[in-house]
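> In this note's numbering, each residue carries its 1-based index in the sequence shown increased by 45. Note that the Cβ used here is the ideal one computed from N, Cα and C, for glycine as well. Note that this is a predicted model, so its numbers are computed, not measured. The structure is given below, and queries will be raised subsequently.
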Amino acid sequence: MITTVTTSTVSTIATAVGLGASLAFVAIVCLIVCVMQKEVLTAYTSRVGLVVSRALNVAIVPLLLVFAMIVAAQLVPFFQ
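Take a look at the structure:
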């Protein structure tokens, strides 16, 4: 019984760690794409380009916070 519980616990933790790494990668890629889109749209002189560029801040700011948390979580083991 204990062996089964331990095995399933280890399997669950390994799956969660892999899923967390995948989600972190997706978040970083989304951040890069949004920042690139914002820079391209900033170059346009039209009003629509500027409005969409400002609207991208809605996506960029939370992704920057997620990026900061990812970096902090990766650095914590080095400072312990």
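1. Cutting at 7 Å between CB atoms, please list the residues of its own chain near residue 79, excluding the five before and the five after it.
2. In its own chain, which residues sit with a C-beta less than 6 Å from the C-beta of residue 73, not counting the 5 before and 5 after it?
3. Compute the beta-carbon to beta-carbon distance between residue 112 and residue 76, rounded to the nearest angstrom, for a pair I have assumed lies under 8 Å.
4. Starting from residue 95, trace the alpha helix (DSSP H) in both directions and tell me its first and last residue.
5. Confirm, please, whether the CB-CB distance from residue 110 to residue 98 is below 8 Å.
On the basis of the data shown:
1. By one-based count along the sequence shown, residue 79 stands at place 34. Apart from the 5 residues on each side of it in sequence, residue 79 sits with its Cβ closer than 7 Å to the Cβ of 101, 104, 105 and 108 in its chain, given in chain order.
2. Within the sequence shown, numbered from 1, the residue matching residue 73 stands at position 28. Shown here for residue 73: not one same chain residue has a beta carbon closer than 6 Å to its own, the five before and five after excluded.
3. Numbered from 1 along the sequence shown, position 67 holds the residue referred to as residue 112. Numbered from 1 along the sequence shown, position 31 holds the residue referred to as residue 76. At roughly 6 Å, the Cβ-Cβ gap stays under 8 Å, so residue 112 and residue 76 are in contact.
4. Looking up residue 95 in the sequence shown gives position 50. Residues 92-100.
5. Taking the sequence shown and counting its residues from 1, the one referred to as residue 98 is at position 53. Taking the sequence shown and counting its residues from 1, the one referred to as residue 110 is at position 65. Contact flag unset, no.
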